[in-house]
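See below for the structure under consideration.
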Amino acid sequence: MRATADFAALRSREFARLDRTRTAYLDYAGAALYPESLVRHEARRLSSTVFGNPHSESGPSLASTAAMERARQLTLEFVNADPGDYEVIFTANATGAIRILAESFPFARGSRLVLTSDNHNSVNGLRTPARRAGATVEYVPLAADLRSASIEPWLRTARAPSLVAFPAQSNFSGVHHPLAWVAEAQRRGYRVLLDAAAYIPTSRLDLTATPADFVALSYYKIFGYPTGVGALIVRKDASATLARQYFAGGTVQFASVQNDVARLVDGPGAFEDGTVNFLAMPAVCDGLCWINRLVIDRIAAHVRAMTSTLLDALRDLGDRVIVYGPRDMHERGGVVAFNVIRGGRAVPYEDVEHLARARSVSIRGGCFCNPGAAERAFDIDAASAAACYRDDFSVSRFRRCLGGSAVGALRASVGVATEPRDIDRLHDLLIDIP
Ligand SMILES: Cc1ncc(COP(=O)(O)O)c(C=O)c1O
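With our numbering applied, the sequence shown has no gaps in its numbers, which climb one by one up to 437 at the end.
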């Protein structure tokens with residue numbers, strides 16, 4: 004059976020709520036949708052099993068610990084990471100994973116932090132602690148197609164622990180940045196944070212082939228449920244270099260008030276402050292098994308087909324739509340940013356969002372927490388931007404100050420449950436924009 008036919012059957016089996024509610028959901032980069040069997044199974048399990056707070060020896064406590072350890076193991080298998088080399092630290096989300104580095108990476112005077120201009124703000128935020136510790140922060144610029152030709156010129160020799168951070172897939176343009184940058188940066192003595200939040204839901208990541216030091220992800224972006232759980236997958240030799248500033252319940256082997264001592268546990272627990280979202284762990288296991296049964300390469304093929312359909316639909320609108328980033332299928336994922344053009348100008352994205360909401364077409368508007376890609380896409384130069392957000396910020400004031408040019412875009416993103424009829428609904432909507 005052709006992959007697309009399989010996915011049509013999956014849509015009616017697991018995502019019937021989309022058609023029942025007449026929702027054309029095109030916001031998979033925001034969140035994946037959960038398959039209905041996953042939450043049905045979860046409801047049955049929660050009403051028939053007793054899970055307790057882990058970190059103890061009772062039956063309910065051990066049931067939670069077992070689910071957590073299985074979720075770690077399945078996560079490592081999902082990215083083909085050797086458990087001898089890697090470990091999984093559970094966090095609240097991808098942002099929480101990156102924040103561990105913000106708080107613990109040993110930046111010092113002489114360190115370098117090299118970021119692609121295309122980065123989510125959750126990665127951009129690393130620049131604050133890096134600078135505070137005396138590191139130099141540099142951004143690799145983007146070309147007009149929202150790719151960076153090379154990071155090599157920015158990989159100057161560092162005199163202290165240094166970090167390169169980039170997204171495997173852009174959440175703005177869908178660009179796949181070269182995974183070869185990981186080894187290139189490591190050869191120059193850098194540690195590498197690979198932000199896999201947008202990439203991993205629909206592309207195979209193989210950490211044996213691409214041994215990034217740190218990988219951040221959110222599980223809800225892969226299989227929709229549960230929210231509130233992410234992970235930092237970390238090479239053990241890299242985690243040994245992290246310097247925690249804080250200890251907490253759950254992270255210590257031993258602490259003494261009178262002797263002012265706190266000794267961290269070995270392994271990922273040293274970074275898991277307080278009680279992990281233990282009730283979510285069985286569902287994380289189920290979600291990973293569900294994806295494995297679908298096979299990530301088949302998901303990737305389906306998403307490629309839907310992305311191609313989406314790009315064709317936008318192309319069909321000719322110069323009434325501008326697409327930011329690549330317009331072809333080369334090295335990209337299922338995320339497309341665009342604006343509607345009328346009278347030679349971008350229609351304010353909020354107006355398109357408004358109509359989309361009225362027609363139950365779920366797309367997203369703004370700059371998607373990715374200011375570097377947005378500034379490049381809309382050709383906003385640093386001096387004009389600085390002049391325009393000096394006072395109180397609002398999108399409409401910012402746009403007016405920049406002479407009415409685009410300050411945000413629409414983003415459509417496809418996933419496991421997307422069918423061509425969802426894309427037709429977007430196409431029809433865009434035609435109707437006056
Ligand atoms: C590439 C990328 N990185 C990081 C994040 C942050 O993820 P979260 O909000 O789940 O922490 C996102 C969220 O959209 C993303 O797309």
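Every residue gets a Cβ at the ideal spot worked out from N, C-alpha and C, and that includes glycine.
#### Entry: P374 (DSSP reduced to helix, strand or coil)
Here P374 sits in helix by DSSP.
### Task
Put E422 into one of helix, strand or coil per three-state DSSP.
coil
### Query
Candidates S125, T131, L104, V140: which alpha carbon is nearest S114's?
V140
### At least 3 beta-carbon pairs within less than 8 angstroms: the region 327-346 vs the region 299-316
yes
### Message
With the cut-off set at 7 angstroms, would you say R238 and D216 are in Cβ contact?
### Response
yes
### Message
Please enumerate, following chain order, all residues with a beta carbon closer than 5 angstroms to at least one heavy atom belonging to ligand 1.
### Response
Qualifying residues, in the order they occur: N96, A97, T98, H123, S125, P170, N174, D198, A200, A201, S221.
#### Entry: Whole-angstrom distance between P374 and V167, CA atom to CA atom
Linking V167 to P374 through their CA atoms gives a straight-line distance of about 18 angstroms.
#### Entry: Rounded straight-line distance, which links the Cα of G99 to that of V3
For the chain, the structure presents residues 4 to 437; residue 3 sits outside this window and is missing.
#### Entry: As assigned by DSSP and simplified to three states, the class of M4
Summary for M4: the model assigns pLDDT 39, below 50, so the residue's position carries little reliability, and this model does not support an answer.
### Query
E80 by DSSP, collapsed to three states: which one?
helix
### Message
Within the continuous beta strand (DSSP E) that includes N342, where are the two ends?
### Response
Its beta strand (DSSP E) spans residues 338-345.
### Task
Using beta-carbon positions only, say whether R247 and S107 come within less than 7 angstroms of one another.
yes
### Query
Terminal residues of the continuous beta strand (DSSP E) containing T139?
139-143 is the span of the beta strand (DSSP E), which, as asked, contains T139.
### CA nearest to the CA of D30, picked from A69, C404, L405, S365
S365
### Task
Check whether the Cβ of A35 sits closer than 6 angstroms to any heavy atom of ligand 3, and report yes or no.
With respect to ligand 3, the structure offers nothing, as its ligand set consists of ligand 1.
### Query
Looking only at C-alpha atoms, which of A409, S416, R362, V82 sits nearest to G369?
A409
### Task
Provide the residue span of the beta strand (DSSP E) that contains R367, from first to last.
367-369
### Task
Kindly give me the distance between the Cβ atoms of A227 and Y352, rounded to whole angstroms, as I take these residues to be in contact under 8 angstroms.
A small fix is needed here, since residue 227 is Gly in this sequence, not Ala. Contact doesn't hold; Cβ gap of about 25 angstroms is too wide.
### Query
If we count the other Cβ atoms within 10 Å of its Cβ and call it buried at 16 or more, is N295 buried or exposed?
exposed
### Message
Does L49 pass the burial test, meaning 16 or more other C-beta atoms within 10 Å, or should it be called exposed?
### Response
exposed
### Message
Less than 7 angstroms between the beta carbons of L77 and C372, yes or no?
### Response
no
### Continuous beta strand (DSSP E) stretch holding V324: start and end
324-327
### Query
Which residue comes first and which comes last in the beta strand (DSSP E) that contains A265?
Note, A265: beta strand (DSSP E), 264-267.
### Query
Could you check where the alpha helix (DSSP H) with T98 kicks off and where it finishes?
97-107 is the span of the alpha helix (DSSP H), which, as asked, contains T98.
### Query
Can you tell me the Cα-Cα spacing of T52 and I426, whole angstroms?
41 angstroms
### Query
By how many angstroms is the C-alpha of I92 removed from the C-alpha of N280?
Annotation: N280 to I92 spans about 12 angstroms, alpha carbon to alpha carbon.
#### Entry: Spatial distance of A234 from R75 (CA atoms)
9 angstroms
### Task
Please go through the same chain and pick out, in chain order, the residues whose beta-carbon is closer than 7 angstroms to the beta-carbon of G272, but skip the five residues on each side of it.
G253, T254
### Query
Can you tell me whether DSSP reads E45 as helix, strand or coil?
Looking at E45 - three-state DSSP - the assignment turns out to be helix.
### Task
Determine the direct distance from the alpha carbon of A186 to that of Y327, and round the result to whole angstroms.
Between the C-alpha atoms of Y327 and A186 there is a straight-line separation of about 29 angstroms.
### Query
Would you report the Cα separation of H58 and A283, rounded to the nearest angstrom?
16 angstroms
### Task
Can you say whether G347 is buried or exposed, counting buried as having 16 or more other CB atoms within 10 angstroms of its CB?
G347 comes out exposed.
### Query
Any contact of the region 164-178 with the region 120-134, i.e. 3+ C-beta pairs under 8 angstroms?
yes
### Task
Quick one: which unbroken beta strand (DSSP E) runs of 3-plus residues sit fully inside the region 104-183? Chain order, please.
You should have 115-119, 139-143, 166-170.
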